[in-house]
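For the sequence shown, position 244 (counting from the first letter as 1) is numbered 508 according to our numbering, and the numbering increases by one without interruption. Note that the Cβ used here is the ideal one computed from N, Cα and C, for glycine as well. To start, the structure itself, in structure tokens.
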Amino acid sequence: MKIKAVFSDLDGTLLIDNFKTSQENIDAITAALNSGIDFIPTTGRAISDVPQQLKSVEKIRNFILTNGATVFDRQKNIILYKNYISCKDALELMSTEGASKCCVMAFLDGQVHYQKDWEKRLAGSPVCPDVAEFLMYGCKEVENLYEYVKNRNKSVEKITFFFTDLDNRIDVINNTLLLEEFELSYTLELNLEITNKGVNKANGVKEFCKIKGYSMDEIAVIGDSGNDIEMLSLTKNSYAVENAVEKAKLAANYSAPRNTESGVAWVINKILKENALD
Numbered sequence: 265m266k267i268k269a270v271f272s273d274l275d276g277t278l279l280i281d282n283f284k285t286s287q288e289n290i291d292a293i294t295a296a297l298n299s300g301i302d303f304i305p306t307t308g309r310a311i312s313d314v315p316q317q318l319k320s321v322e323k324i325r326n327f328i329l330t331n332g333a334t335v336f337d338r339q340k341n342i343i344l345y346k347n348y349i350s351c352k353d354a355l356e357l358m359s360t361e362g363a364s365k366c367c368v369m370a371f372l373d374g375q376v377h378y379q380k381d382w383e384k385r386l387a388g389s390p391v392c393p394d395v396a397e398f399l400m401y402g403c404k405e406v407e408n409l410y411e412y413v414k415n416r417n418k419s420v421e422k423i424t425f426f427f428t429d430l431d432n433r434i435d436v437i438n439n440t441l442l443l444e445e446f447e448l449s450y451t452l453e454l455n456l457e458i459t460n461k462g463v464n465k466a467n468g469v470k471e472f473c474k475i476k477g478y479s480m481d482e483i484a485v486i487g488d489s490g491n492d493i494e495m496l497s498l499t500k501n502s503y504a505v506e507n508a509v510e511k512a513k514l515a516a517n518y519s520a521p522r523n524t525e526s527g528v529a530w531v532i533n534k535i536l537k538e539n540a541l542d
């Protein structure tokens with residue numbers, strides 16, 4: 265059966281350390297799109313911090329964002345599907361014990377918002393360089409994040425915490441209110457991503473496939489980290505890049521070269537060849 269859509273994670277899969285991807289990957293994505301295969305970036309990011317290099321590929325129309333909380337059609341500039349955290353619950357999460365010792369980000373209105381004093385909160389943390397690089401791309405600084413979210417009074421796509429150490433991470437998890445009401449995932453050892461119950465990349469993929477009429481046998485997925493595991497378990501056509509965490513490798517049916525070796529291009533080129541034989 266021919267593959268009709270490829271869903272690829274961004275950070276650690278399609279993107280390399282400098283938040284860009286290789287020309288080989290771009291060329292393969294373009295070839296897939298030109299052949300009629302849909303390519304859907306599937307990420308924990310908001311639309312505002314998807315790298316411009318990807319946005320410049322005009323035929324990339326759809327994005328699965330914030331770990332599956334949002335399915336976005338950028339051609340029509342409409343949200344096809346959403347499942348967000350209420351403003352009330354978001355404020356409770358942001359004020360839980362331990363949150364004052366870490367960097368908190370709130371994803372709303374398609375943009376990442378963070379508090380001005382994040383460097384002071386993360387002083388000495390090994391994730392500081394990662395956070396600093398991330399904040400360079402489409403993120404909005406506010407004086408007081410809690411008050412900003414409260415005043416906006418809108419539902420929130422995702423809350424992300426970056427921690428100083430593992431004890432800080434454990435404190436926040438243990439003290440998170442209404443823990444059963446949310447989905448918890450991670451991309452780094454010292455971070456935690458919180459979305460509404462039922463939100464993960466796999467469900468975002470399934471919602472998109474419902475809209476398009478794709479079966480699970482007609483899609484391929486590529487990933488590397490903890491928030492890709494459910495997605496990698498969706499289909500027999502699942503690939504973990506060589507640099508993936510062990511749990512992601514176990515969830516996938518196939519392996520691909522590292523993100524720094526254009527693993528996504530390798531998968532796409534394989535699919536193009538197999539589709540040509542069907």
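Does DSSP put residue i in a helix, in a strand, or in coil?
i    : result
T294 : helix
L442 : Low local confidence applies: a pLDDT of 48 at L442 is under 50, so the model's placement there is unreliable, with the coordinate-based value given in what follows. In the structure shown, L442 sits in coil (DSSP, three-state: anything other than H, G, I, E or B).
K340 : coil
F427 : coil
I277 : The question names Ile, yet the displayed sequence has Thr at residue 277. If DSSP states are grouped into helix, strand and coil, T277 belongs with coil.
M265 : coil
N467 : helix
L496 : helix
Y518 : strand
T459 : strand
S312 : helix
F472 : helix
T334 : strand
V505 : strand
K534 : helix
N289 : helix
D542 : coil
F398 : helix
S350 : coil
Have a look at the DSSP bridge pairing and note the partners of residue i.
i    : result
S271 : The sequence given here places Phe at residue 271; Ser does not occur at that position. Paired residue(s): I304 and V485.
N326 : D337
Y345 : V335
Q379 : V406
F371 : V376 and K422
E447 : T459
In terms of alpha-carbon separation, which member of the options lies closest to residue i?
i    : options                   : result
I546 : Y478, E506, C473 and F472 : The structure shown does not extend to residue 546, since the chain is modelled only from 265 through 542, so no value can be given for it.
Q317 : L452, E453 and D291       : D291
A523 : G402, A296 and F283       : Reading off the sequence shown, one finds Asn at residue 523, where the question assumed Ala. Ranking G402, A296 and F283 by Cα distance to N523 puts F283 first.
I423 : S497, N460 and I343       : N460
A354 : I267, M495, K476 and Y412 : Y412
T330 : N517, L399, A370 and N533 : A370
D431 : E361, A484 and V420       : E361
T285 : I301, V321, D381 and F427 : V321
G449 : F425, D435 and K319       : Looking at the sequence shown, residue 449 is not Gly but Ser. Measuring from the Cα of S449, the nearest candidate turns out to be F425.
I543 : D394, N467, Y478 and K474 : The structure shown does not extend to residue 543, since the chain spans only 265 to 542, so no value can be given for it.
E457 : R309, L274, I301 and I267 : R309
Under 7 Å from any heavy atom of the ligand MG, does the C-beta of residue i make it?
i    : result
Q316 : By its list of ligands, the structure shown contains no ligand whatsoever, and the ligand MG lies outside what it can speak to.
What's the C-alpha gap between residue i and residue j?
i    : j    : result
A540 : S299 : 10 Å
K513 : D488 : 8 Å
N491 : N455 : 12 Å
L297 : N347 : 28 Å
N415 : C351 : 10 Å
A345 : V463 : The sequence shown places Tyr at residue 345, rather than the Ala named in the question. Each residue's alpha carbon lies about 11 Å from the other.
M358 : K537 : 48 Å
T451 : D542 : 36 Å
Q379 : M265 : 48 Å
A529 : E356 : 42 Å
A363 : A295 : 45 Å
V335 : R385 : 32 Å
I311 : N438 : 30 Å
N533 : Y518 : 14 Å
M257 : E383 : The structure shown does not extend to residue 257, since the chain spans only 265 to 542, so no value can be given for it.
V420 : A333 : 9 Å
L314 : I483 : Reading off the sequence shown, one finds Val at residue 314, where the question assumed Leu. Going from the Cα of V314 to the Cα of I483 covers about 22 Å.
S272 : R433 : 28 Å
L496 : A508 : 12 Å
D429 : G402 : 26 Å
F446 : V436 : 14 Å
Practice item. Mind the definition here: the segment 274-290 touches the segment 299-316 only if three or more C-beta pairs lie below 8 Å; say whether that holds. Key: Yes: at least three Cβ pairs fall under 8 Å.
Practice item. May I ask you to verify whether the segment 320-331 touches the segment 388-402, counting CB pairs closer than 8 Å and requiring at least 3? Key: Under the three-pair Cβ rule at 8 Å, the segment 320-331 does not count as touching the segment 388-402.
Check your understanding: Below 8 Å, can you find three or more Cβ-Cβ pairs linking the segment 495-506 to the segment 364-381?
Key -> Counting C-beta pairs closer than 8 Å gives fewer than three between the segment 495-506 and the segment 364-381, which falls short of the contact rule.
Check your understanding: Is the segment 339-350 close to the segment 399-411, with three or more CB pairs under 8 Å?
Key -> No, they do not touch.
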